[in-house]
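Here it is in C-alpha cells:
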C-alpha cells in the first residue's frame, strides 16, 4: 500500500522543444525544476509514472545533518535553510518542523562512534551534542530502555513526504515549468556526441540539457547508453500510526527502531535494523563493490530470492528508441509491505517506550532505495555525454537534502556558481 500523495494537476501535452528536460518527477527533479523556473529557464519534467510515486513519498521525512559523512554535511546545512523557507517559497504546507533528531546508543562503543563523528564535523559549527541517559529521559520521557547515551541535534527536523514534492511541483508549474506524468523517456537524442534531445514513448523532444533524476531507474537508463552507474537496490518498510499522544516531537532513532511525529499527530515508524535486498543480476555484476557495506551491516541486510528477482530479469537492459522501454513496462516500483519488519519495529519500540505497545498500524508501505558504494549521491555532469547531468543515487537519505540537491543540480546544468562544492558528488569518483 503506497502512501496517499497530494494530487497535482499536470500537463497532458508538451512542447516540441525546451531548454532543459528533467527525467524523473521525484522531489530532487522537481526542486531542480522549481529552481530553473524561478530563473525563467524553460524546463520540462517527464515522469514515467506519477509524481513522487516512489521513494520521494515513501521515506521517513527526516531532515538531518546527524551522522552524515563530513563531506555531505554542507549540502544538508544548505537544505536546512531552504526547508525553513519552503512553505513561503511554494505557498503551501510541506509539513516541515525543526524539532530535533536523536540517535540512541546502547553501548559505550556506540557512544565512542558518535564522539568520532562529532570530531569529524567539528569545523562545521553544528549544534550536535552527546546526551547522557538522564538527558534522554528528560527529552523523551516515559522510556524503559537502558541507554549508554545518545547524539542529539536540535536543529534537525522533518517534513511530510506526502505533501512536499507535490507542493514543489505545483509551485514549479505556477512559475512556468511543464510537468508531464505517465510519459517515459526511452533514451537520449545525440548529435556529435552531445545531448540534442530525448526520445519519449510519445515522440522526440529537442532540448539543450538533460538532468537525469531517475532514482533507482537511473542505472538501467544509463546502462542502455553504455555508461555504468553503480547502484544496488534495498527495500525499507515503514508504517504510520493514527494521530496519538507521543513522548516528544523529537525524531528518535534506536538501534532497531525509529519514530517521529508528523504535523498531523501521527507517527511514522520503521525497523532501522532491517533492510531487504532482493537479489538481482546487478548483485552479480557489481556486488563486489559493496563488500565493505555488507560487512558493516551484517544482520541488517536480509537477502531474498523471489518475485522481485524474476521481475528484474524480465526487464530489458538494451533497447532502441523505437522499442518499448523497461520504464513503460513498470511505471512505479511498488514493493510489497514487509509485515514482519513492521511487527519487529512495534515490538522493539514498545520495549523501549511502553506507550507504543499495541500501537495501531493505520497504513504501511515499502520503498526501494538506490544505494551507491559510498552511500553518497551522484550530482554532476557526465563527461562522456556533454549536456547530460545526473542527480541520483541518494541511498535512502535524499529527501532531507533534496532542496539543496535539486538546486545544486540546476546550477550545474546552467553553469552558475553552485550552492555548495559539488566535488564530493562527482560521477568520476566511481
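Numbering (full-length UniProt numbering), first residue to last: 1 to 430. Quick reminder that beta carbons are idealized off the backbone N, C-alpha and C, glycines included.
Query	Result
Nearest neighbour of residue 186, chosen from 385, 48, 14 and 370 [CA to CA]	48
Residue 310 (DSSP reduced to helix, strand or coil)	helix
Inter-residue Cα distance where the pair is residue 361 and residue 39	43 Å
8 Å contact criterion, which residue 380 and residue 349 should meet: CB distance rounded	That belief does not hold up - the Cβ atoms of residue 380 and residue 349 are roughly 39 Å apart, past 8 Å.
Supposed close pair residue 505, residue 302 - CB separation, criterion 8 Å	Residue 505 lies beyond the range of the chain shown here (1 to 430); nothing can be said about it.
Proximity of residue 34 and residue 253 at Cβ, strictly below 8 Å	no
Where residue 177 falls, given that 16 or more other Cβ within 10 Å makes a residue buried	buried
Continuous alpha helix (DSSP H) stretch holding residue 363: start and end	First-last for residue 363: 363 to 371, but that is the beta strand (DSSP E), not the alpha helix (DSSP H).
Nearest residue (CA-CA) to residue 18, options 399, 37 and 118	37
Where residue 223 sits in the DSSP three-state scheme	helix
CA-to-CA distance, residue 261 to residue 346, given in whole angstroms	15 Å
Neighbourhood of residue 395 by C-beta, 6 Å cutoff - its chain only, sequence neighbours within 5 removed	371, 372 and 375
DSSP-derived helix/strand/coil call for residue 425	helix
Residue 356 versus residue 277 - alpha carbon distance	28 Å
Closest by C-alpha distance to residue 175, when choosing among 426, 389 and 30	30
Extent of the continuous beta strand (DSSP E) run through residue 279	Careful: residue 279 lies outside any beta strand (DSSP E) and carries neither H nor E.
Under 8 Å between C-beta atoms of residue 224 and residue 161	no
Classification of residue 242 by the beta-carbon crowding that lies within 10 angstroms, buried from 16 upward	exposed
Distance CB(residue 180)-CB(residue 90) smaller than 8 Å	no
Alpha carbon of residue 281 to alpha carbon of residue 269, nearest angstrom	31 Å
Spatial distance of residue 425 from residue 96 (CA atoms)	26 Å
For residue 233 and residue 55, the rounded distance between their alpha carbons	11 Å
Length of the line joining the Cα atoms of residue 205 and residue 193	17 Å
Option in 15, 41, 9 and 8 with minimal Cα separation from residue 415	41
Beta-carbon proximity check, residue 156 vs residue 113, cutoff 8 Å	no
N- and C-terminal bounds of the beta strand (DSSP E) containing residue 304	301 to 304
Beta-carbon proximity of residue 62 to residue 123, cut-off 8 Å	no
Secondary structure of residue 83, DSSP reduced to three states	helix
Beta-bridge pairing of residue 236 - partner residues as DSSP gives them	367
Own chain residues within Cβ distance below 8 Å of residue 289, not counting five before or after	230 and 373
Own chain residues within Cβ distance below 6 Å of residue 235, not counting five before or after	276, 335, 366 and 368
Reference residue 190, options 321, 327 and 154, closest by Cα	321
Per DSSP, cross-strand counterpart(s) of residue 11	180
Segment limits, beta strand (DSSP E) that includes residue 35	No beta strand (DSSP E) holds residue 35; the alpha helix (DSSP H) holding it covers 27 to 38.
Counted within 10 angstroms of its Cβ, other Cβ atoms place residue 308 as buried (16 or more) or exposed	buried
Extent of the continuous alpha helix (DSSP H) run through residue 414	402 to 414
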